[in-house]
Structures are given as structure tokens and as C-alpha cells.
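Protein chains: 2
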Amino acid sequence: MANLKELSEILGLSQTTVSRALNGYPEVAERTRKRVADAARKHNYTPNPGARGLATGKARTIGHVIPLSGESMMNPHFSDVISAVGRVCQQRGYDMLLSVVDEAEHLEAYQKLKADRRVDGVIVHLPLSDDPRIDLLQTLNIPFVVHGRTLGNEDEYAWVDIDNRHAFLEATRHLIELGHRRIAFMNGMADSAFAHLRREGYGHAMGEAGLKVDEGLLSNGEMTEPLGHSEMMRLLDLDEPPTAVLCSSTVLATGALRALQEHSLTVGKDVSLVAHDDELSFMLADTGDTRMTVVRSAISKAGAAAADMLIDMIEEEKVPKSVLLEAQFIKGNTSGPPHPPDVGH
Amino acid sequence: MANLKELSEILGLSQTTVSRALNGYPEVAERTRKRVADAARKHNYTPNPGARGLATGKARTIGHVIPLSGESMMNPHFSDVISAVGRVCQQRGYDMLLSVVDEAEHLEAYQKLKADRRVDGVIVHLPLSDDPRIDLLQTLNIPFVVHGRTLGNEDEYAWVDIDNRHAFLEATRHLIELGHRRIAFMNGMADSAFAHLRREGYGHAMGEAGLKVDEGLLSNGEMTEPLGHSEMMRLLDLDEPPTAVLCSSTVLATGALRALQEHSLTVGKDVSLVAHDDELSFMLADTGDTRMTVVRSAISKAGAAAADMLIDMIEEEKVPKSVLLEAQFIKGNTSGPPHPPDVGH
DNA sequence: TTGCGCCTTCAAAGCGCTTTGGCTAGCTTT
DNA sequence: AAAGCTAGCCAAAGCGCTTTGAAGGCGCAA
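Which chain is which? The protein sequence lines are A and B, in order. So for the first sequence, our numbering puts the first residue at 1; every next one is plus one. So for the second sequence, our numbering puts the first residue at 1001; every next one is plus one.
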């Protein structure tokens, strides 16, 4: 509760010695260190991080820039990542600064973070296929780890990602093996890197089976429940509706399920559904009759890994190895042979 | 990019004058002020917030403590509130510090925030009926606004809440008027204040209609999709299942809908559903055939109000008036007369 | 005894800002 | 012409810490 000066006066030592004792420097006698530690605890002294930051230039804080476009709020995938990052931060003694900005000026936000020297590094969320933030952060010379990865220059920086391409390759193959030909795909925003990679995986599986991709079955957008619903509605209204649907998120899938319900269709029979499962904390788990067929990879795990990497990077000043996590394919009961069977043609 | 000293040297002025000029103090000539402002812009000087904080004792930052219990992550209601708060912060030039901690030590987190002087105030989320944080924050003497309110001492501090009691009074009355007698209620965590008030509203409506509350139809818990699902399953398995269900969140309702689907029951006919709609950014909106009957109040609006209050409080050093927002009842098509009619007993 | 090195400790500078308490020049009063 | 204001500016202290450079005290070798 007091400050260094008072504490050092109480102890009859200089501020230097007290500071060094507390920070584990070697040139202080063990007896003294103990005495200092005890006194600090007794007066529950805790160094002022602001002052320390001023003196050291380190803030022991990492930042997130959260761009909000129009009315939209933080998306739920995001918040699970932030929680995971936060947990790591707590364990390693870091704080987290959130900078909520208009999408239009989110690049300036990074400049500001740099100028303000309030953070030692940032985590970049939801990279685009070609993301201007990478360049920006490199020239600003602020340590960063990307959750996800861009396409093309991904060896120039540190990232944590899952193997999106392979996950959707597997998912699509699964549906093809069941006999599906018309497979729809509700994907994330078109410019985001993960959506691109997933689309690639999907395309590859279709190609290797000799199937043409029907662009009318593909869509991109925010991964919300309402969008999953409306997109499924659109698909069902098609002249030739798909017999199976891939969803880039269980949130979309939930909306899709609702649409099927409204059409009195049975998932896994009338229409098959396979989703990517981020293991969101509040979303549909393996409960009840519907066990969704998914490719699963906990988004919180990736978030935690990214946080650890960033802090390593900050403290050890070297760029850590990027990490590619695999998603796990899990067969549930929302996928089955097409019905009515679409064989021949 | 430089610092005050350099800037003042460039200008041939003292740091004092430059600082005063930039901060709008009166004792500096208009011409000088202009000259300083221009130079600051040209060299894109921006004061170091850490140093400023050290000097002034103000951090221009507000904090959130996010307790995580076990594996669970930040819940989605939470993240929408934080986004809204963040937006206000940005507009008013504040930053946001997130402190993610184990539930068990979340009180210590406030002490730490105080000791570290990194925030000027905090927003308290999800108050319990009788919440120890109120006392703690009062004795710590750290400005705070509660999103929600405790029961009993709510005149001792500033809060923003919605009229939960009245919202659920209305919702329940609606179902009773339709003819329902057995009305289930999936509520939030039992110790949270909002759940208590909603329960009161529900109880009052039942009472005034001369209906007994069947405790077997009530439940409390985290407001997740899986829980909505499993709880609905439990209700449907009852000897005498309810004809209508109230949900404290559309997230729960989504799970409940899924359960109904699995039982091939039609919502609004076989079972009526009324939910509280926080207008979460990514959840079921008025899309498609299912327009849920709801009591609606945007949680982001409350969050923004809380943020504004807190900053007012910090800057003007007086406690603002608390705010009670009304929820709006909106009839959708998920509620209708009981079926089979439950008339006469 | 002198000198060297090692172990502890310290005074003081510095991080970048705000703010107190002057100081000076120029004007008005009387 | 002396005294009193005021507007405009400044030097320096202080916020609470870290860190550099130095110094005091001790044991030991010569």
C-alpha cells in the first residue's frame, strides 16, 4: 500500500537495495532480501506498475484491437479467445488492454498502442488472406502473434493456427464418401484467411472426387445464428437443394438446424450437416439426440498458445516457432447418406 | 513520436508552457497555443499516458474483472456488454483493462486494481443478490457502476439495470392469459440478482392468477445452449410436462428449440416459448418463421449507459443517478394457447 | 602494513509528464 | 512617478520506480 521510498525508510535501506532485493538481483545479501520480502508483505507493498513501466519501458501488458463495424458487437468466437488469452496473462503476470475501435480506423489503433507504450505486444485476430496489419506491425516494430495466418507471407511472423484446409478436406471427403454430390458450404467472411483455406480444402475434396463445385451452394458471411438460418432457408428453396451442408461454425449450424426444423426436415437424414466446432463455451455440445458431426479444435487452446508465444517473444526477444494445430474429425449423427439417394448422376 | 522535452526545445518554450498549451490551460497566449498545437501535430507528438498517469494519478482507464470458473469462458452476454462499454470508452478517450481471474480470487483482483492504480474505476458485472463486491469497492474507495443491481442496498451506489421483475411479470401474464397453467422457467444462476427478480415477477404473476408454482418446473444455471437443451429434455420427460416455458436468455431458448425439434414438437403450438432477448449480436433475431415471443432490452444499451455513468463519475466526482430501463414485450409466434388445451385443470 | 578484490549497499540520475510557485514585462492606477 | 495588476512564461519539484556508477567494509595475499 505504501511506496518504495517509505518501505526503504522503514527498513533503513536505500531504495536501490529494496528494489533489487524485490526483483531478485544477485548483489543483495540473502538475509537482507528476506528482511525486505517480509516487510513488503507485512505492509503489503506492491510496486506501482505505471512507475515501473516508465522506468523500464516495459508495460507487462498485451493488447487486443477489437474492430466493430456498424452495430455489430464482439463476436463470440472472439470472446472465447480473449478469455483464454486472459487466463494465460494472469498466470504470467500480464494485464490485457482492450482497444475497441471503429473498423475504419483499426489500423490507427495499432499506431496509438505503439505511441502510448502501454502494451508490450498484441495479438492479431482474424487475419485476412492478405492483411495490412502484418506490414504495419512489422514496421512499427511491435511484437505480435497472429491467431490464424495470412496467405503468402506466413513465414515472416509468428502465428498459431489450425489446419483449416485439412479439416475441411476431411469433412468434405466424409460427405462425399456418404454419397453426397451437392454439398453446400456456409463459410466465414470471404476475405478472411481461414475461410479461404477452408474453401480450398472443400474444393480439393470435390475435385479429387470429380465433382464440380456449384457456386450457388457457397456463401460467406458473419458467423451468426440468424445468418445460418437464413442461408439454410435460401438453400432449401433452391430448385435443386443440397443434400449436405458444411458450416464454418456451430453458431451457423444452430441457425441451420432451426431452419431445418421449420421445414420439418430431419438432420442427418433429409439433410446432412457437418460443422467446424471451436468448442465455444456456451454452444451446443454433445448433449441430447443431436450429436453433430464436426471437425473440432478448441479455439481457446489456440488462444492460449498464442498468448504464451507472445509473452515468450516479449520476454526473450526472439521469434518463436509458429504452431499448426490439427482439428479432429468426429462423426456424429447429423450426417448420413443422402436422402433421397442421389446416386447415378 | 517525440517527448515533451524535445518538443519544447524545438519550440523554444518550456515544458510547462507546452504542457499547458496542449491541455487547454488559460494562462497561455492563443498564438502560442496554436503554434504548439501545430508543432505537436507535425511531429505527431502524443503524451505518454504512463507518465501522465504517474503525474496526475489518473489512468484514463476503466477495468473489468472477469472471473472464470473452472473451464468456462467468458459468456456471450458478457462480451456484448464489454463491446458496448468499449465503444463508449473509445469515444471518451478511455482505455479498458481486462483482468481475467479465477473465480475464487476475484475479490483480490479488485484490491490489485486499486493498488496498481491502473484504473480509475470499474464496472461490476452480474451482481449477486447480496454481493460482497459492493462493500469491498466502497471501502477500497474505487469508483464503480454496477450493471444490474443487488437486492437491498441498491440506493448506496450507482447502477444500470433493466426492470427484470416487471419484464417477467409481463411475460408470465401473457402465457397465463393464453391459458397456460404449467409454466416452466429456465432462469440464470440462482444467486444472481437478476434471476431473483425475474423469479419474483414470475411468482407474482402466478400468484395473482391463483396458480401454484411447481418447483419442479423451475431451474437455474448458466445460460448456455446445451443447458437449454438438456433442461427442456428434462421438462418434456416429466409426467406432467409444462405447456409453456420461460427462458432467461435466447441462448437457452435456442437449446430449448433444438430439444423440441428432436421431440418433433411444434413451438407455439405444442409448447409455448417466451424468452428474454438481450439482443445479442450473434443470436437469433427476427428471421424466418420463428419469431420468438420475447421481452426485449438491448444489453449493449445498458452497458453503454453504465460506461457513461462511470466516466461521468470519475470526471465529475459525484455519484450519478441510477438508471432503470424497461424491457419491451414483443409477441411473436412461439407462444399460443396451450395444446392440448389445459382448461379446467 | 599496504594493496587488491569482493560483497553489499547507496546516492543520484532518469523515465515523461503535471503542477506549484515564481518571475518579468507591460499596463493601468493613483 | 511609484505602486499594483495582469498576462505570459519558466525552473524546478514531484509522481514511484529502475539502474548506473561509486563507495564502504571486509578478508586475504604480499
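Glycine included, every Cβ here is placed at the ideal spot set by N, Cα and C.
Close Cβ partners of residue i (< 8 Å) along its chain, the five nearest in sequence each way excluded
i: L1128 of chain B; result: T1150, D1191, S1192 and A1193
i: K1005 of chain B; result: Q1015
i: V1343 of chain B; result: For V1343 of chain B, the predicted model reports a pLDDT of 42, less than 50, meaning its position is unreliable and no value from the coordinates is stated.
i: R117 of chain A; result: G53, G57 and A59
i: R1199 of chain B; result: F1168, F1185, N1187 and L1218
i: E1156 of chain B; result: I1134 and Q1138
i: L1325 of chain B; result: V1160, D1161, I1162, D1163, S1297, K1301, A1302 and A1305
i: G203 of chain A; result: V213
i: A1195 of chain B; result: N1187, G1188, M1189, N1220 and S1248
i: A1039 of chain B; result: L1007, I1010, L1011 and Y1045
C-beta neighbour in chain B for residue i, strict 8 Å
i: A115 of chain A; result: yes
i: V101 of chain A; result: yes
i: T139 of chain A; result: no
i: Q90 of chain A; result: yes
i: H345 of chain A; result: At H345 of chain A, the pLDDT of 42 sits below 50, so the modelled position is not reliable and the matter cannot be decided from this model.
i: A51 of chain A; result: yes
i: M96 of chain A; result: yes
i: R258 of chain A; result: yes
i: L7 of chain A; result: no
i: V18 of chain A; result: no
i: E231 of chain A; result: no
i: F185 of chain A; result: no
i: N23 of chain A; result: no
i: D342 of chain A; result: Note that D342 of chain A has pLDDT 44, beneath the 50 cutoff, so the model's placement of it is unreliable and no number is given.
i: N220 of chain A; result: no
Beta-carbon spacing of residue i, residue j below 8 Å
i: I1162 of chain B; j: L1217 of chain B; result: no
i: P1241 of chain B; j: L1235 of chain B; result: yes
i: L113 of chain A; j: R165 of chain A; result: no
i: A1205 of chain B; j: C1247 of chain B; result: no
i: L97 of chain A; j: G63 of chain A; result: yes
i: A1302 of chain B; j: H1147 of chain B; result: yes
i: V1251 of chain B; j: M1223 of chain B; result: yes
i: A244 of chain A; j: V271 of chain A; result: yes
i: R1020 of chain B; j: E1030 of chain B; result: no
i: H1229 of chain B; j: A1209 of chain B; result: no
i: D120 of chain A; j: T46 of chain A; result: no
i: G1152 of chain B; j: D1130 of chain B; result: yes
Close Cβ partners of residue i (< 6 Å) along its chain, the five nearest in sequence each way excluded
i: L178 of chain A; result: P337
i: S219 of chain A; result: M186 and E231
i: S1069 of chain B; result: E1103
i: F1329 of chain B; result: E1170 and V1295
i: V145 of chain A; result: I123, A158, A306, M309 and L310
i: T1334 of chain B; result: V1267, G1268, L1273, M1292 and T1293
i: H263 of chain A; result: L236
i: H1345 of chain B; result: Note that H1345 of chain B has pLDDT 41, beneath the 50 cutoff, so the model's placement of it is unreliable and the number below is only indicative. So the list is empty, once near-sequence residues are dropped.
Contact with chain A by residue i, beta-carbon distance below 8 Å
i: P1076 of chain B; result: yes
i: A1306 of chain B; result: no
i: D1086 of chain B; result: According to the sequence as given, residue 1086 of chain B is Gly; it is not Asp. Taking Cβ atoms only, chain A reaches closer than 8 Å to G1086 of chain B, which makes this a yes.
i: I1330 of chain B; result: no
i: S1079 of chain B; result: yes
i: V1036 of chain B; result: no
i: S1083 of chain B; result: yes
i: D1289 of chain B; result: yes
i: G1336 of chain B; result: no
i: R1118 of chain B; result: yes
Contact set for residue i: own chain, Cβ-Cβ below 7 Å, skip 5 residues either direction
i: P1320 of chain B; result: A1158, M1309, D1312 and M1313
i: E1316 of chain B; result: none
i: A1115 of chain B; result: none
i: G1370 of chain B; result: As shown, chain B starts at 1001 and ends at 1345. That puts residue 1370 of chain B outside it, with no answer to give.
i: N1023 of chain B; result: none
Residue i versus the options, residue with shortest Cα-Cα distance
i: D95 of chain A; options: B:L1211, B:D1277, B:H1196 and B:V1065; result: B:V1065
i: H126 of chain A; options: A:G228, A:L22, A:T250 and A:H106; result: According to the sequence displayed, residue 126 of chain A carries Leu and not His. With distances taken between Cα atoms, L126 of chain A lies closest to A:H106.
i: L1011 of chain B; options: B:A1327, B:H1043 and B:G1024; result: B:H1043
i: A37 of chain A; options: A:G152, A:N141 and A:S8; result: A:S8
i: Q91 of chain A; options: B:V1100, B:R1092, B:P1132 and B:Q1090; result: B:V1100
i: T32 of chain A; options: A:Y45, A:T46, A:T17 and A:L280; result: A:T17
i: S281 of chain A; options: B:N1075, B:L1136 and B:E1108; result: B:N1075
i: M365 of chain A; options: A:Q261, A:L265 and A:G255; result: As shown, chain A starts at 1 and ends at 345. That puts residue 365 of chain A outside it, with no answer to give.
- Message: Closer than 8 Å is the cut-off here; do at least three beta carbon pairs connect the segment 1077-1087 of chain B with the segment 61-80 of chain A?
- Response: yes
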